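Colleague:
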Amino acid sequence: MSNTDDSLQMILDSILSEYASAGKKITDSAVNLENEETREIASKSAIILLKKLKSEAPAKLEASKGTEKEFEAAVLRTWRKPLELLDLLLYISLEVASEFNSECGSETSSKHSIIQTALARQQANACLVFNEIVHLLKSGFPSGAQSHWRTLHEIACISYFISKHGEDMAKRFIDYEVVESYFQAQAISEHQQKMECNSLSERDFKAVKRKFNKMKKTYGSDFVSVRLGAPQGSKNTVT
Numbered sequence: 074m075s076n077t078d079d080s081l082q083m084i085l086d087s088i089l090s091e092y093a094s095a096g097k098k099i100t101d102s103a104v105n106l107e108n109e110e111t112r113e114i115a116s117k118s119a120i121i122l123l124k125k126l127k128s129e130a131p132a133k134l135e136a137s138k139g140t141e142k143e144f145e146a147a148v149l150r151t152w153r154k155p156l157e158l159l160d161l162l163l164y165i166s167l168e169v170a171s172e173f174n175s176e177c178g179s180e181t182s183s184k185h186s187i188i189q190t191a192l193a194r195q196q197a198n199a200c201l202v203f204n205e206i207v208h209l210l211k212s213g214f215p216s217g218a219q220s221h222w223r224t225l226h227e228i229a230c231i232s233y234f235i236s237k238h239g240e241d242m243a244k245r246f247i248d249y250e251v252v253e254s255y256f257q258a259q260a261i262s263e264h265q266q267k268m269e270c271n272s273l274s275e276r277d278f279k280a281v282k283r284k285f286n287k288m289k290k291t292y293g294s295d296f297v298s299v300r301l302g303a304p305q306g307s308k309n310t311v312t
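Take a look at the structure:
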């Protein structure tokens, strides 16, 4: 079986074992025997259930996709005009960004180039989030779209802040991407063995860490001590 099948079977084994254990009152003298029998039954049941689920999956998924398409069509019939206006706004934003990059992208000697680079990245991020908002609305997920809209507002506020405070702030904003990259690389490095993947080599991790240490030396420990947007109580301290 594939890794996915193995993982699914382990999950089913666990669920069936817990279900079987919860449904039985086992005496102390028969605990080991009953547990062994339960595990064996659960393992065999998991294999049978997995095969059944896989055989039924294509038809079930096809039916589910059909229902989703019908729902999305109903949403479009009701909200076609505002959704098309959002599509138009996104198209204009992308065109403006493309034109701006074509005209200003090569002006590296400009005193405003750092600010332009920072704002261009923010604008690209805003277009990505806005595209997600449009797709969420078309799929009938207004709460998710509203949550993304708050993110879009945050991007706009940060962009205004960078524009107001000039080159130094823009440079710090760009340089902080190194810190974010380090936190991400650190998380991947810690968990990739559990995830059974090798997406980050030791050499790449060391390269990211060297850049991170450079930022720490340039701006101080406070600049690299907290990951922006991390939930309270999470591990942000860097050693």
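If you want the numbering used here, it's the position in the sequence shown, counting the first as 1, plus 73. Beta carbons: idealized from backbone N, C-alpha and C, even for Gly. Since we're looking at a predicted model, the values are computed, not measured.
(1) What is the residue span of the alpha helix (DSSP H) that PHE234 lies within?
(2) Is it buried or exposed, TYR255, if we count other Cβ atoms within 10 angstroms and call 16 or more buried?
(3) Give every residue of the same chain whose Cβ lies closer than 7 Å to the Cβ of LYS98, excluding the five residues on either side of it in the sequence, and list them in chain order.
(4) Output yes or no for whether 8 Å exceeds the beta carbon distance between GLN196 and ALA218.
(5) Measure the beta-carbon distance from ASN204 to LEU163 and round it to whole angstroms, keeping in mind my assumption that it falls under 8 Å.
(6) Any contact between the region 226 to 241 and the region 263 to 280? By contact I mean 3 or more CB pairs, one from each, below 8 Å.
(7) Under a Cβ-count criterion, where at least 16 other Cβ atoms within 10 Å of its own Cβ denotes burial, should PHE132 be classed as buried or exposed?
(8) Along the chain, where does the alpha helix (DSSP H) containing GLU269 start, and where does it finish?
(9) In this structure, how does DSSP classify GLY293 when only helix, strand and coil are distinguished?
(10) Looking only at its own chain, which residues have a Cβ that is under 8 Å from the Cβ of ASP160, when we skip the five neighbours before and after it?
(11) First and last residue of the alpha helix (DSSP H) that includes SER274?
(12) Indicate the three-state DSSP secondary structure (helix, strand or coil) for SER212 in the structure shown.
(13) Should LEU134 be labelled buried (16 or more other beta-carbon atoms within 10 Å of its own) or exposed?
(14) May I have the straight-line CA-CA distance separating GLY239 from GLU176, to the nearest angstrom?
(15) With a threshold of 16 other CB atoms inside 10 Å of the CB of HIS221, please say whether the residue is buried or exposed.
(16) Whole-angstrom Cβ separation of LEU225 and VAL202, contact assumed at under 8 Å?
(17) Can the beta-carbon of GLY213 be found less than 8 Å from the beta-carbon of GLU143?
(18) THR291 and ILE247 look like a contact to me (Cβ under 8 Å); what is the Cβ gap, rounded to whole Å?
(19) Which word fits LEU210, buried or exposed, when buried means at least 16 other C-beta atoms lie within 10 angstroms of its C-beta?
(20) Grouping DSSP H, G and I as helix and E and B as strand, with all else coil, what is SER298?
(21) For my contact list, VAL252 and PHE285 are in at a C-beta cut-off of 8 Å; report their separation, rounded to the angstrom.
(22) Measure the beta-carbon distance from ALA35 to PHE173 and round it to whole angstroms, keeping in mind my assumption that it falls under 8 Å.
(23) Could you pull out every residue in the same chain whose Cβ sits closer than 8 Å to the Cβ of GLU141, ignoring the five residues on either side in sequence?
Modeller: Reading off the structure:
(1) In the sequence shown, the residue the question calls residue 234 occupies position 161. For PHE234, the uninterrupted alpha helix (DSSP H) run begins and ends at 215 to 264, by DSSP.
(2) Here residue 255 corresponds to residue number 182 of the sequence shown, with the count starting at 1. Buried: at least 16 other Cβ atoms inside 10 Å.
(3) For this step, residue 98 is matched to residue 25 along the sequence shown. Reliability of the predicted coordinates at LYS98 is poor, the pLDDT of 45 falling under 50, and no value is obtained from them.
(4) Along the sequence shown, one-based indexing puts residue 196 at 123. Along the sequence shown, one-based indexing puts residue 218 at 145. No, the pair does not count as a contact, with Cβ atoms beyond the cut-off.
(5) Indexing the sequence shown from 1 puts residue 204 at position 131. Indexing the sequence shown from 1 puts residue 163 at position 90. Right, their Cβ atoms sit about 6 Å apart.
(6) The region 226 to 241 makes no contact with the region 263 to 280: fewer than 3 CB pairs, one atom from each, lie closer than 8 Å.
(7) Translated into positions along the sequence shown, residue 132 becomes position 59. Just to set this straight, residue 132 is Ala in the shown sequence, not Phe. ALA132 counts as exposed, since fewer than 16 other C-beta atoms from the protein chains shown sit within 10 angstroms of its C-beta.
(8) Counting from one through the sequence shown, the residue named residue 269 turns up at place 196. Segment: none, GLU269 is in no alpha helix (DSSP H) and carries neither H nor E.
(9) By one-based count along the sequence shown, residue 293 stands at place 220. DSSP places GLY293 in coil when its eight states are reduced to three.
(10) Translated into the one-based positions of the sequence shown, residue 160 becomes position 87. VAL207, listed in sequence order.
(11) For the purposes of this step, residue 274 is taken as residue 201 along the sequence shown, with counting starting at 1. Element bounds for SER274: n/a, residue is neither H nor E.
(12) In the sequence shown, residue 212 corresponds to position 139, counting from 1. In the three-state scheme derived from DSSP, where H, G and I count as helix and E and B as strand, SER212 is classed as coil.
(13) Locating residue 134 in the sequence shown gives position 61, counting from the first residue. Under the 10 Å beta carbon count, LEU134 is surrounded by fewer than 16 other beta carbons and is classified as exposed.
(14) Taking the first residue of the sequence shown as position 1, residue 239 is located at position 166. Taking the first residue of the sequence shown as position 1, residue 176 is located at position 103. So the two alpha carbons sit approximately 21 Å from each other.
(15) Sequence index remark: in the sequence shown, residue 221 carries index 148 (1-based). That one is buried.
(16) Residue mapping note: residue 225 aligns to position 152 of the sequence shown, counting from 1. Residue mapping note: residue 202 aligns to position 129 of the sequence shown, counting from 1. The C-beta distance from LEU225 to VAL202 rounds to 5 Å, short enough to fall under 8 Å.
(17) In the sequence shown, residue 213 corresponds to position 140, counting from 1. In the sequence shown, residue 143 corresponds to position 70, counting from 1. No, Cβ-Cβ distance for GLY213 and GLU143 is not below 8 Å.
(18) Start at 1 with the first residue of the sequence shown, and residue 291 comes out as number 218. Start at 1 with the first residue of the sequence shown, and residue 247 comes out as number 174. Taking a contact as a CB-CB distance under 8 Å, the pair THR291 and ILE247 does not count as one, their CB atoms being some 12 Å apart.
(19) Mapped onto the sequence shown, residue 210 falls at position 137. Under the 10 Å beta carbon count, LEU210 is surrounded by 16 or more other beta carbons and is classified as buried.
(20) Reading the sequence shown from its first residue, position 225 is the one you call residue 298. Collapsing the DSSP output to three states places SER298 in coil.
(21) As a working mapping, residue 252 is identified with position 179 in the sequence shown. As a working mapping, residue 285 is identified with position 212 in the sequence shown. That pair is a contact at about 6 Å.
(22) Shown here, the chain extends from 74 to 312; a query on residue 35 therefore has no answer.
(23) On the sequence shown, position 68 is the one that residue 141 refers to. Here the set comprises SER212.
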